[in-house]
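**Q** Residue numbers (the numbering used here), protein chains in the order written: chain R, 224 to 419; chain V, 4 to 156; chain H, -8 to 276; chain P, 92 to 668. For every residue, glycine included, the Cβ atom is placed at its ideal position computed from N, Cα and C.
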Amino acid sequence: MTTITMDNADTHSGITNAKLGVWLFLASEVMLFATLFTTYIVLRMGATSWPWGWDALNVPLATLNTAILISSSVTIVMAYAKAYDKNVGGFRFWMLMTLLLSFGFLVVKAFEYGHEFALGIGPSTSVFYAVYFTMTGLHGIHIIGGIIVNSALLYMSYCQEDWEHPLFLGRVEGAGLYWHFVDIVWIFLFPALYLL
Amino acid sequence: MAKSNDARAHDDHRPDVRKYMLVFGALLVLTCVTVVISKFHLPRPQAITLGLLVAVVKAGLVAAVFMHLWGEQKLVHKVLYVVAFFAAILILPLLDLRMVVSRITERMPVADQHPDEGAAPEAKPEAAPAPAPASAPAPKPAKKRAKSAPKNG
Amino acid sequence: MNNYGWGLPVAASTYAGQIDFGIWLIHIAMFAIFILWGIFFTYLLIRYRRRDGVPAEREDHGETPAKIAVPDAASKFPFAQLLYKHSSELKSLIPDILVMAFEVGLIVFYAFPVWGRIKMSTPDPKDAVVVEVTAEQFGWNIRYPGPDGKFSPLKPELVHFNNPLGLDRTDPDAADDIVVANELHMPVDTKVLIKLRSQDVIHDFFVPEFRIKQDAMPGMEIPMWVEPNRIGHYELACAQLCGFGHSLMRGDVYVESREDFDKWLKSRAAATPAPPKPSKPSEDF
Amino acid sequence: MSHDSHGHGGHHELSFARKYVFSVDHKVIGLQYMITSMIFLLFGFGLMLLMRWQLAFPGQAIPFIGRLFPADLAPNGVMSGEFYNTLGAMHGTIMVFLGVVPLAVGAYGNYIMPLQIGAPDMAFPRLNMMSYWVFLPGGLLMLGSFLMPGGAAQSGWTSYPPLSIINPGQTVWILAMVLLITSSLLGAINFIVTTINLRAPGMTLDRLPVFCWAQFVTAILLLLAFPPLEAAAILQLMDRVAHTSFYMPKDLIILGTHYAGSGGGQPLLWQHLFWFLAHPEVYVLVLPPMGIVSEIIANNTRKPLHGYKTMVVSMLFLGVMSFLVWAHHMFLSGMSPALGNFFLVTTMIISVPSVAILTCLIFSLKGASIRYNVPMLFALAFLPLFGIGGLTGLPLGLTVTDIYLHDTYYVIGHFHFVVVTGSIIALLGGTYYWFPKWFGRRMNDKLGLIHFWGSVICMCGIFLPMFPMGLAGASRRLYDPTAQMHNMGVQGLNVVSTYFAYGLALFQLPYIWNFFHSMFRGEKSVENPWQATTLEWACPSPPPHGNFEKTPRVYRGPYEYSVPGRKTDYWPQSDPA
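1. Using a C-beta cutoff of 8 angstroms, does Asp308 (chain R) count as contacting chain P?
2. DSSP three-state label for Ser172 (chain H), please.
3. Determine, using beta carbons only, whether Met379 (chain R) and Leu412 (chain R) come nearer to each other than 8 angstroms.
4. DSSP three-state label for Pro259 (chain P), please.
5. Going along the stretch 65 to 80 of chain V in order, which residues come within less than 7 angstroms of chain R, judged by CB to CB distance?
6. Counting along the chain, where does the beta strand (DSSP E) carrying Arg215 (chain H) start and finish?
7. Give the list of continuous beta strand (DSSP E) stretches no shorter than 3 residues that lie fully inside the stretch 181 to 214 of chain H.
8. Chain R partners of Arg109 (chain P), CB-CB under 8 angstroms?
9. May I ask you to verify whether the stretch 504 to 512 of chain P touches the stretch 544 to 557 of chain P, counting CB pairs closer than 8 angstroms and requiring at least 3?
10. Quick check on this structure: which residue in R:Ser251, R:Pro274, R:Leu259 has the alpha carbon closest to the alpha carbon of Leu419 (chain R)?
11. Just list the beta strand (DSSP E) runs in the stretch 439 to 470 of chain P, keeping only unbroken ones of 3 residues or longer that don't cross its boundaries, in chain order.
12. Would the stretch 513 to 522 of chain P count as touching the stretch 188 to 197 of chain P if we require 3 or more Cβ pairs under 8 angstroms?
13. Are His636 (chain P) and Asp116 (chain P) close, meaning C-beta to C-beta below 8 angstroms?
14. Grab me the residues of Ile185 (chain H)'s own chain with a C-beta within less than 6 angstroms of its C-beta, minus the 5 sequence neighbours each way, in chain order.
15. Considering only the alpha carbon of each residue, which of P:Pro631, P:Lys341, P:Ala629, P:Ala447 lies closest to Lys82 (chain H)?
16. Roughly how many whole angstroms lie between the Cα atoms of Ser222 (chain P) and Lys204 (chain H)?
17. Taking its Cβ as the centre, do 16 or more other Cβ atoms sit within 10 Å of Lys528 (chain P), making it buried, or is it exposed?
18. Verify whether the separation of the beta carbon atoms of Val38 (chain V) and Thr286 (chain R) is less than 8 angstroms.
19. Counting only C-beta atoms, is His237 (chain H) closer than 8 angstroms to chain P at any point?
20. Distance check for Val105 (chain H) and Gly347 (chain P), CA to CA, integer angstroms please.
21. Between P:Ala152, P:Ala147, P:Gly200, P:Val617, which has its C-alpha nearest Tyr124 (chain P)'s C-alpha?
22. Could you check what DSSP says for Thr234 (chain R) in three-state terms: helix, strand or coil?
23. Just curious, the beta strand (DSSP E) that Tyr245 (chain H) is in, first and last residue?
24. Helix, strand or coil, according to DSSP, for Trp131 (chain H) in the structure here?
25. So, does the CB of Gln575 (chain P) fall closer than 8 angstroms to a CB anywhere in chain H?
26. Cβ of Arg644 (chain P) within 8 angstroms of Cβ of Pro211 (chain P)?
27. Around the Cβ of Ala152 (chain V), are there at least 16 other Cβ atoms within 10 angstroms (buried) or fewer (exposed)?
28. Find the residues of chain V that neighbour Ile213 (chain H), judging by a C-beta separation of less than 8 angstroms, and give them in chain order.
29. Under 7 angstroms between beta-carbons, which chain V residues line up against Gly210 (chain H)? List them in chain order, please.
30. Could you tell me whether the Cβ atoms of Pro136 (chain H) and Gly564 (chain P) are closer together than 8 angstroms?
31. Please confirm if Pro346 (chain R) has its CB atom under 8 angstroms from at least one CB of chain P.
32. Ordered along the chain, which non-local residues of its own chain (more than five positions away) have a Cβ less than 8 angstroms from that of Val332 (chain P)?
33. Buried or exposed, going by whether 16 or more other CB atoms sit within 10 Å of the CB of Ser274 (chain P)?
34. Would you mind working out which of P:His419, P:Val112, P:Leu449 sits nearest Leu378 (chain P), comparing C-alpha positions?
35. DSSP has Ile345 (chain P) in a bridge; who is on the other side?
36. Under 8 angstroms, do Leu376 (chain P) and Val187 (chain P) count as touching if we go by C-beta distance?
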């Protein structure tokens, strides 16, 4: 990464390139999920019948999933705190916890999908299930992306040269921002699909 | 603050572990609250506003504390305001559908009240043998739901 | 069919005249704007071409002094200081402001009322001839309600070769409905309410002479109206890409006197098959 | 502005692959984008030539190459309906997403913008390389869709469902689009961060050249407008592959059989989401060329641009408003007429900034000493021709006249006048203007003149007849216009357009020869051949890795020409004197 010494202080925005880049990427992600939510609302208003979350889906399992994702948000913030204090052991522990929790989320998701597929319910069953599978599927892909990034950071904490790199904290913060965004999307997705 | 690109020097988001744990607890509690509320199966408008309110509070907590948006620089806030404005524009397709509902041939039955209050829910056979009891026709959706796109994602 | 030349085809409906007026008005304004700017543009190109020893004159609005002497008459306006600071730039926008004023006038006095009249209001079905046009891939099915004036809902499961609309003839409303393919008859000087539907993809009901155009959206029944005021034979075409047969999907529109129209309806009613016993389509093969 | 971690000049010699193929240098990536997008432009141009033959002589075999096409596409040389629709859809998609956007944003933006703000490279060099290497497979996948069984996409570049759900070839189109969208998103993030953080010391926002402002607004449009199309495309992919019914209403009867979808979908939803992107997309097509024209006009009139602040504010206002006007493409699509009035008003509001920019450019000629070299000819031709494009937008933007002119050849004439004689003419002018900076050699002026006059005349010859055709009611995307009687009156104009189209093809040959020949054997040029003031001319051409030996400091505005009391009539931004 380029270490830019600050001789354009008057024209630099004060925010590191990496953080500004991550926030802009999150901006485009907000537009992506805003479109999906608009689709959900438009299709729901035009639908002839829209099942109640408790009838069509397994809400207790999803509540567990929400708890898992929220705790993974906390563990990644703890990892950032440990990286801030240059405590590599703490960082590795909390980042490992984040990865385990995100795998847990995917496992619970797999159970849910498997249960529905076994009953022959698929995206083509009804518009409700189409919206459900598409939105949770896309969210799941974002979770997998997050897992890849987080595991890369965990690996980098093991090699000395990357752990000492001045911008490593910025990378952890960037991964954290992305992960919190994925958590926020689930916070909106959970009531929209399951509870209303 | 010295403007250098090393994230630690000028990003004085000194992590405060106690605050993180507090927010963690609050999020778990709010999740349980929203699940319990939905169990009551309130009529449509109340359910939507309550569910949305809790979701916005939770998202706000995550964004402000975990994503350090509270003490963040003005430029990031500006980026988020711009995004919120453009995401809000996506409301117009909903507006269009509200006005065009009269033209859609496969329209919502006119049952306006909640399925449990009286309207005999004629069992609409799900195409596949749905496990849950055949879903009753959801009543006509209430006022347009506020934009639930994650505003401060 | 001599009514097709380079320009607009003949106007054959009441609001065709209004649309033509709008088109000509805008085109005259466009030519005027283009020619005025063109003259000014060529003048500039010739007058200010590079000549040795003649440097370019800067307008020197570089560092305009902070406090501009604003004539006291204008000083009471809120943005006087700002406007005078950028006066040279804003003076150049005067032609644009004139065009903008013309556009605002056009919108308020022409677009809103005429658009409201054509698209937002539909005539009362009682005193208008009601027709239901259902577009399908590469053809128009036109249905008249027949004497009872009522349409029956269509049943998609009954659709097969010689019943493209899925008409259930046993239903009393549908018994006397008249279904015609690609041939639309209209009485002259009476409002015709067309209910536009589509069975598969998006088509577009377009009759150039009536200046009528409306997409037929599957899953929607879009009401539109026209009041032909010229007897003749016109062409119905599809104006939205609907597959490989899009350009071959045409129909004929006959505008005739009321008597001829009724006579035609009766002849078609006679030709409609008597309501068959409710046979399942598969038995016919 | 320091340099890459492996230092200046003395960096270890990169292997051929790292230096030219997988390079992280914004200049090499810019040239890669340029060559690739020009090849795609040529390919899309070829598709159009085939279409023009079918429009002018429907039913007659395509001469010379007619036999080469497979039997299902063109039985014994005569083009079939599906093949014509494929050509139409792919011509639109390739020209917009693979041709003009990568050329305007990827090539010019990548190469010129960092130089103009005095940066050593883009903010994220590896991300920049990745954006090209996601764009190329996306482009090849899009071309590969021709080889799919059933052919490439056939439902227009707008791919309206339900037609695009039941037509073959759309799945690969969507996958290629997702790749192109990802590439544009990565590019947009890179552009915004570079413009905000990597400007040279002294380069405040009101000293930024207009070209950089145009690229900045374009990057914001790309960043915020593309994701909705990506979401809509994913939904369409689910509709096609997983048989969901996002866009499929209930009880569709397709070719006699009852479509087995669960129903409940809204075809209008796709149109809203598609045009939500596509209108900012057309401003992405036109803003960078406007930036190029401003640079060339400022340089060749030897005086500062008239109304620099007005132009910058107009571009920002254009960027914001472009998100509020999309439904003027849908006045007649079953959308509620009341919304038609709302979008009519926003469409008329957005015409103000574009007219303001054009007015400022024309007023910049006042009091100038205009040099008529080849880039200036292109820039000057942009003004009236783009004016025609803008003016013909008025009857289309007005709801009432759009009733008659919607989806006719009038629309095709309108947007080709904006994109072809607008954007592409400006982009071609940009190659003549910046060629000395890229290769240190100049393009031949005689060939340039032939190319200019030939192209402009042929372009007008193709697109002017489309206006009377549109007024006569000739609809667009008609495989065989003579099948409808109301087109018979204007069929002669179709033949005229076709001949001019083949003329335009011929006049591109001198340009192609000039471009590749001058790259190696063009006349050597000095470092600042046009005596320009902006920063990209303050470094050697072609600039070495890391661009500037010493980080330039900026002292004044971008267009300080003919300053009284100075020897030379230009005062470079980085000149401390």
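**A** Concretely, from the data shown:
1. Taking the first residue of the first sequence as position 1, residue 308 (chain R) is located at position 85. Asp308 (chain R) has a beta carbon lying at 8 angstroms or more from every beta carbon in chain P.
2. The sequence position of residue 172 (chain H) within the third sequence is 181, counting from 1. What sits at residue 172 (chain H) in the sequence shown is Ala, not Ser. In this structure, Ala172 (chain H) counts as strand in the three-state DSSP scheme.
3. Within the first sequence, numbered from 1, the residue matching residue 379 (chain R) stands at position 156. Within the first sequence, numbered from 1, the residue matching residue 412 (chain R) stands at position 189. It is not a contact, given that the beta carbons lie outside the stated cut-off.
4. Taking the first residue of the fourth sequence as 1, we reach residue 259 (chain P) at position 168. Reduced to three states, the DSSP call for Pro259 (chain P) is coil.
5. Going along the stretch 65 to 80 of chain V in chain order, one finds Val65, Ala66, Phe69, Met70, Gln76, Leu78, Val79 with a Cβ nearer than 7 angstroms to chain R.
6. As a working note, residue 215 (chain H) is residue 224 in the third sequence. It is Met, not Arg, that sits at residue 215 (chain H) in the sequence shown. Residues 213 to 217.
7. Entirely contained in the stretch 181 to 214 of chain H, the beta strand (DSSP E) runs reaching 3 residues are, in chain order, 183 to 189, 194 to 198, 203 to 207.
8. What you label residue 109 (chain P) is simply residue 18 of the fourth sequence in a count that begins at 1. The premise fails here: Arg109 (chain P) is roughly 17 angstroms from chain R at the closest Cβ pair, so nothing lies under 8 angstroms.
9. By the criterion of at least three beta-carbon pairs nearer than 8 angstroms, the stretch 504 to 512 of chain P is in contact with the stretch 544 to 557 of chain P.
10. The residue labelled residue 419 (chain R) in the question sits at position 196 within the first sequence. Checking every option, the nearest Cα to that of Leu419 (chain R) belongs to R:Pro274.
11. Runs of beta strand (DSSP E) with 3 or more residues, each lying fully within the stretch 439 to 470 of chain P, are absent.
12. yes
13. Within the fourth sequence, the letter at position 545 stands for residue 636 (chain P). Within the fourth sequence, the letter at position 25 stands for residue 116 (chain P). Yes, they are a contact pair.
14. Mapped onto the third sequence, residue 185 (chain H) falls at position 194. Answer for Ile185 (chain H): Val122, Val124, Met215, listed in chain order.
15. Here residue 82 (chain H) refers to the residue found at position 91 when the third sequence is read from its first residue. Nearest C-alpha to Lys82 (chain H): P:Ala447.
16. If you number the fourth sequence from 1, residue 222 (chain P) lands on position 131. If you number the third sequence from 1, residue 204 (chain H) lands on position 213. Each residue's Cα considered, the two are about 43 angstroms apart.
17. In the fourth sequence, counting from the first residue as 1, residue 528 (chain P) sits at position 437. Buried: at least 16 other Cβ atoms inside 10 Å.
18. In the second sequence, residue 38 (chain V) corresponds to position 35, counting from 1. In the first sequence, residue 286 (chain R) corresponds to position 63, counting from 1. Going by C-beta atoms, Val38 (chain V) is nearer than 8 angstroms to Thr286 (chain R).
19. Locating residue 237 (chain H) in the third sequence gives position 246, where the first residue counts as 1. Yes, because at least one Cβ of chain P sits closer than 8 angstroms to the Cβ of His237 (chain H).
20. Residue mapping note: residue 347 (chain P) aligns to position 256 of the fourth sequence, counting from 1. Residue mapping note: residue 105 (chain H) aligns to position 114 of the third sequence, counting from 1. Computed Cα separation, rounded: 39 angstroms.
21. If you number the fourth sequence from 1, residue 124 (chain P) lands on position 33. That would be P:Gly200, whose Cα lies nearest to the Cα of Tyr124 (chain P).
22. Counting from 1 along the first sequence, the entry for residue 234 (chain R) is found at position 11. Under the three-state reduction of DSSP output, Thr234 (chain R) falls in the coil class, being neither helix nor strand.
23. Your numbering for residue 245 (chain H) matches position 254 in the third sequence. That run of the beta strand (DSSP E) goes 241 to 247.
24. Along the third sequence, read from residue 1 onward, the residue named residue 131 (chain H) stands at position 140. It is a strand residue.
25. Against the fourth sequence, residue 575 (chain P) aligns to sequence position 484. True, the Cβ-Cβ gap to chain H drops below 8 angstroms.
26. By 1-based counting over the fourth sequence, the position of residue 644 (chain P) is 553. By 1-based counting over the fourth sequence, the position of residue 211 (chain P) is 120. No, the pair does not count as a contact, with Cβ atoms beyond the cut-off.
27. As a position in the second sequence, residue 152 (chain V) is number 149, starting the count at 1. Confidence in Ala152 (chain V) is poor, its pLDDT being 38 and thus under 50, which makes the residue's placement too unreliable to answer from.
28. As a working note, residue 213 (chain H) is residue 222 in the third sequence. Neighbours of Ile213 (chain H) in chain V, taken as residues at a C-beta separation under 8 angstroms, are given in chain order as Arg106.
29. Here residue 210 (chain H) corresponds to residue number 219 of the third sequence, with the count starting at 1. Within chain V, the residues placing a beta-carbon under 7 angstroms from that of Gly210 (chain H) are Ile107, Thr108, Glu109, ordered along the chain.
30. Here residue 136 (chain H) refers to the residue found at position 145 when the third sequence is read from its first residue. Here residue 564 (chain P) refers to the residue found at position 473 when the fourth sequence is read from its first residue. Not a contact, by the Cβ cut-off of 8 angstroms.
31. Residue 346 (chain R) sits at position 123 when you count from the first residue of the first sequence. Yes, Pro346 (chain R) counts as interfacial toward chain P.
32. What you label residue 332 (chain P) is simply residue 241 of the fourth sequence in a count that begins at 1. Excluding residues within five positions, the ones whose Cβ falls inside 8 angstroms are Thr262.
33. Here the question's residue 274 (chain P) lines up with position 183 in the fourth sequence. Within 10 angstroms of the beta-carbon of Ser274 (chain P) lie 16 or more other beta-carbons, which makes it buried.
34. The residue you call residue 378 (chain P) lines up with position 287 of the fourth sequence. For Leu378 (chain P), the nearest C-alpha among the options comes from P:Leu449.
35. Position 254 of the fourth sequence holds residue 345 (chain P). For Ile345 (chain P), which the question treats as bridged, DSSP gives the partners P:Thr348.
36. By one-based count along the fourth sequence, residue 376 (chain P) stands at place 285. By one-based count along the fourth sequence, residue 187 (chain P) stands at place 96. Against a cut-off of 8 angstroms, the Cβ pair of Val187 (chain P) and Leu376 (chain P) comes out as a contact.
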